[in-house]
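Asks: Handing you this structure, nothing more for now.
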Amino acid sequence: MILFEDVTKFYPASEEPALHGVNLVIEPNEFVSIVGHSGAGKSTLLKLILAESAPDEGAVYFESKNIHDLPKRDLNILRRRMGTVFQDFRLLSTKTVYENIAFALEVAGVDNDTIESDVPYVLDLVDLKDKADAFPHELSGGQQQRVAIARAIVNQPDVLIADEPTGNLDPINTYEIVQILKKINELGTTVILTTHNKGVVEHIGGRVVTMDSGKIIRDDKSGKYIL
Ligand code: ADP
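Letter by letter, the sequence shown follows residues 1121 to 1347 in our numbering.
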């Protein structure tokens, strides 16, 4: 469970907080879409979950531990339990699809036998087995995002955080990415996604948290995008 307790976050030199008294509970295995205009605080909320920045007031808990009180070693363990996907894919351009995914396992200290069985498994999950030897520039945007998703889930994280994952994609690729995220959620991973895309939210049909000016202004159980 992820819990935000009265979280306020200021960036230096800005008068208004990026997050203002945010309270939020995300249960294991939920699929939560976070929506809101640009500047509403969505990315800041994700950064606090990833412990990339700390709250000025309040606390963020992951399984009842205050993320921002963890010693560095425990923080690294926690970060491995979270996979991330971004709008701009962030693949390594000199590595093949297979190598991009294998690399995520190598840096986590996983042995070669496991790498050889897990990489094909996730490539199959994102329907890209035939592209294992391709380089990122040889793939469409949608295919690159599927590689990024495969890389994010290959370490079997508990939580997948997707910050505008369809922001650079056309409607067909967007639909495919949403389908894959839904499948990953059904396999037992919590998914937290930010989006501007009304169609994405309606297609997911799950919980929608709406933000405005650093506050949560709506929290709907199913699929409403109201701004
Ligand atoms: P969203 O993801 O919804 O577009 P953000 O979380 O990026 O919103 O931004 C929330 C607010 O914090 C905005 O007013 C934005 O200008 C400000 N902000 C975000 N990042 C920084 C930063 N690194 N330094 C200063 N202000 C920032």
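Where a beta carbon is used, it is the ideal one built from N, C-alpha and C, also for glycine.
(1) In whole angstroms, what is the alpha-carbon distance linking L1243 and G1156?
(2) Under a Cβ-count criterion, where at least 16 other Cβ atoms within 10 Å of its own Cβ denotes burial, should R1271 be classed as buried or exposed?
(3) Quick check on this structure: which residue in A1138, F1124 and F1151 has the alpha carbon closest to the alpha carbon of D1340?
(4) With hydrogens ignored, establish whether the beta-carbon of A1174 is closer than 7 angstroms to any heavy atom of the ligand ADP.
(5) Pull up the DSSP beta-bridge partners for A1282, would you.
(6) Relative to the alpha-carbon of D1332, which residue among I1273, L1139, L1248 and D1126 has its alpha-carbon at the smallest distance?
(7) Looking at T1234 and L1248, is the spacing between their C-beta atoms short of 8 angstroms?
(8) Whole-angstrom Cβ separation of L1211 and Q1263, contact assumed at under 8 angstroms?
(9) Which word fits D1283, buried or exposed, when buried means at least 16 other C-beta atoms lie within 10 angstroms of its C-beta?
(10) Report all residues from its chain with a CB closer than 6 angstroms to the CB of V1145; omit the five preceding and five following residues, and keep chain order.
(11) Measuring from the CB of Y1345, is there a heavy atom of the ligand ADP at a distance below 7 angstroms?
(12) Write down the C-beta distance between T1286 and T1315 rounded to the nearest angstrom, noting that I regard them as a contact closer than 8 angstroms.
(13) Given this structure, state the Cα-to-Cα distance separating K1129 from V1142, to the nearest angstrom.
(14) Give the secondary structure of K1129 by DSSP, where H, G and I count as helix, E and B as strand, and everything else as coil.
(15) Using the Cα positions of V1320 and S1342, report the straight-line distance between them to the nearest angstrom.
(16) How would you label I1346, buried or exposed, when you count the other beta carbons within 10 angstroms and need 16 or more for buried?
(17) Around the ligand ADP, what residues have a beta-carbon under 6 angstroms from a heavy atom of it, in chain order?
Replies: On the basis of the coordinates in this document:
(1) 32 angstroms
(2) buried
(3) F1151
(4) no
(5) V1205 and L1313
(6) L1139
(7) no
(8) Not really, about 10 angstroms apart at Cβ, beyond 8 angstroms.
(9) buried
(10) L1123
(11) no
(12) 7 angstroms
(13) 9 angstroms
(14) strand
(15) 13 angstroms
(16) exposed
(17) Y1131, S1134, A1138, G1156, S1158, G1159, A1160, G1161, K1162, S1163 and T1164
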